[in-house]
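For the record, in the sequence shown the residue sitting at position 177 is 217 according to the numbering used here, with numbers rising by one throughout. For each residue, glycine too, the CB sits at the ideal point set by N, CA and C.
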Amino acid sequence: MANPSLERCPDFSGEVYRTIHDTLAQVVNENDQQVTEHLTAAWDIDHNLQIEAWNQQQIIEAQIQRKAEQAQREQEAEALQLAEDKAEHECREAEKKKPKMNNFDESTLVSSVIVQRPAQYTLQKLSTFNFINLWYFSPAGCVEATRNNRSNANNTFGISKVDERNSHSEIGHCCQSVTKLNGGPQADLWNLPAGGG
Numbered sequence: 041m042a043n044p045s046l047e048r049c050p051d052f053s054g055e056v057y058r059t060i061h062d063t064l065a066q067v068v069n070e071n072d073q074q075v076t077e078h079l080t081a082a083w084d085i086d087h088n089l090q091i092e093a094w095n096q097q098q099i100i101e102a103q104i105q106r107k108a109e110q111a112q113r114e115q116e117a118e119a120l121q122l123a124e125d126k127a128e129h130e131c132r133e134a135e136k137k138k139p140k141m142n143n144f145d146e147s148t149l150v151s152s153v154i155v156q157r158p159a160q161y162t163l164q165k166l167s168t169f170n171f172i173n174l175w176y177f178s179p180a181g182c183v184e185a186t187r188n189n190r191s192n193a194n195n196t197f198g199i200s201k202v203d204e205r206n207s208h209s210e211i212g213h214c215c216q217s218v219t220k221l222n223g224g225p226q227a228d229l230w231n232l233p234a235g236g237g
């Protein structure tokens, strides 16, 4: 609907309205000037009613537009708040998963004794559920494992003598105890001192 305030009053004395003009003049017994004034007054009343209705419609449409924009802003704010809450929740979850450092106690003393561990060979055999002699878990076996423990880079070879023959083998690989292979001290659980140490 176009804005009715932009409309102009038609010329009721013109040829287009001549038939209506003459008919009214005969019915109400008035001259041309009076009929033109009555038609103009009637058009003005109708025109003012149309302007008022159009203005009311514009106010209603503006209110609807404002409400729609407000709803849109609230929806965007809610979506933004949800995204922020989700990001904050993920951040808190990530913080929970981070390893926490224990409190540092300055009065705690560091032990001066290194606990002996079995050889890597022994632990590999144990992890694959293969048989392993108990000597490897004895204090003597753990001491020997610590004494012979070496770690070298991969593909590092050394020359060794086996049965009067020289051979080369990778250094740092896990193998049985040399003492145990050469028939050295055959400690077993029956010969361990009481208390395991």
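When the beta-carbon positions are compared, histidine 78 and proline 44 stay at least 8 Å from each other. By the Cβ test, the region 125–143 is not in contact with the region 161–180, since fewer than three Cβ pairs between them sit closer than 8 Å. Taking 8 Å as the cut-off, the Cβ atoms of arginine 157 and cysteine 182 count as close. By the Cβ-count criterion, glutamate 146 is exposed, with fewer than 16 other Cβ atoms from all chains shown falling within 10 Å of its own Cβ.
For serine 45, the secondary structure class from DSSP, reduced to helix, strand or coil, is helix. Taking 8 Å as the upper bound for CB-CB distance, alanine 65 and valine 75 are in contact here, some 5 Å apart.
Note that the C-beta distance between alanine 134 and alanine 159 is not below 8 Å. Around the beta-carbon of phenylalanine 169, fewer than 16 other beta-carbon atoms lie within 10 Å, marking it exposed.
Closest in C-alpha terms to glutamate 47, from the list Asn189, Asp84 and Ile154, comes Asp84. Under the three-state reduction of DSSP output, glycine 181 falls in the helix class.
Distance between lysine 138 and arginine 132, taken at the CA atoms: about 10 Å. When secondary structure is reduced to three states using DSSP, valine 68 falls in the helix class. Non-local beta-carbon contacts of serine 152 in its own chain, meaning distances under 7 Å to residues more than five positions away in sequence, are absent. According to DSSP, arginine 205 shares a beta bridge with Val202.
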